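The sequence shown begins at -7 in the working numbering and counts up by one. Quick reminder that beta carbons are idealized off the backbone N, C-alpha and C, glycines included. Computed from a prediction, not measured in an experiment: that's the story for all the values here.
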Amino acid sequence: MLPFGGSSYDSPAHQTAWQTVNAWIRSSGRFDGVIDLDSALHNPANPTRLLPLYDSGDHLHPSETGHHMIAEAVDLRLLGAAVNTDVKKNSDKIAREFSLLQNHPNPFNPSTAIEYRIQKSGPVEITIYNLLGEKISTLVNKRQSAGRYSEIWDATKFASGIYFTLMRSGGAVQTRPMILLK
């Protein structure tokens, strides 16, 4: 079971039940194998919560990136399944409210442009996360009018690797991966 700390469902009794069920699943020996999504998606600093990168914002449901991590936890080809890689990247809701474009250049060194569009004015948050799901930079955290915007992320002080841009606006979340090559 995934962590849900901070959600409306959270309570000491529910947390105890969650820990009991996960401990039983991990140690009962009744399963051929276990995909431990809790271990993969929880925040090591606060194990009862999802990592911010994987949290849709309600502390209960995974974000788009969290769903990608869940979907990619097992290589279905090992089970003889055909793999369909034609994934619809954006929900209609996200497309109606805003769009986070792919950064450019990508790969980049040391800075990259992050462009986005907002269909209606409202609060906008754009943050950068590392592969561990740790927030390492906040580019935007303010109310903005409808329009197209561009922010530059200077990654001079960060190591080469894969990073994620996460945008929240109008109750929707969208992420894009980017590669820093030094």
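Three-state class that DSSP yields for Leu173 in the structure shown: The sequence position of residue 173 within the sequence shown is 181, counting from 1. Leu173: coil per DSSP, three-state reduction.
The region 143 to 158 in contact with the region 125 to 134 per 3-pair CB rule at 8 Å: yes
At a cut-off of 7 Å, would you count Pro115 as near the ligand MG, judging by its Cβ distance to the nearest heavy atom? Absent from the structure shown: the ligand MG. Ligands present: none.
Quick one, which of Ser19, Glu56, Pro102, Leu(-6) has its alpha-carbon nearest Arg168's? Numbered from 1 along the sequence shown, position 176 holds the residue referred to as residue 168. Considering only alpha carbons, the answer is Glu56.
Among Leu172, Tyr1, Phe(-4), which residue has its Cα nearest to the Cα of Asn98? By one-based count along the sequence shown, residue 98 stands at place 106. Taking only the C-alpha atoms, the option nearest Asn98 is Leu172.
Taking a contact to mean a Cβ-Cβ separation below 8 Å, would you say Ala138 touches Ser161 in this structure? Indexing the sequence shown from 1 puts residue 138 at position 146. Indexing the sequence shown from 1 puts residue 161 at position 169. Contact flag unset, no.
Are there 16 or more other CB atoms within 10 angstroms of the CB of Asn95, so buried, or fewer, so exposed? What you label residue 95 is simply residue 103 of the sequence shown in a count that begins at 1. Buried, since its Cβ has 16 or more Cβ neighbours within 10 Å.
Can you give me the C-alpha to C-alpha distance between Ile106 and Arg140, rounded to a whole angstrom? On the sequence shown, residue 106 is found 114 positions in, with the first residue counted as 1. On the sequence shown, residue 140 is found 148 positions in, with the first residue counted as 1. If you take the alpha carbons of Ile106 and Arg140, they lie about 11 Å apart.
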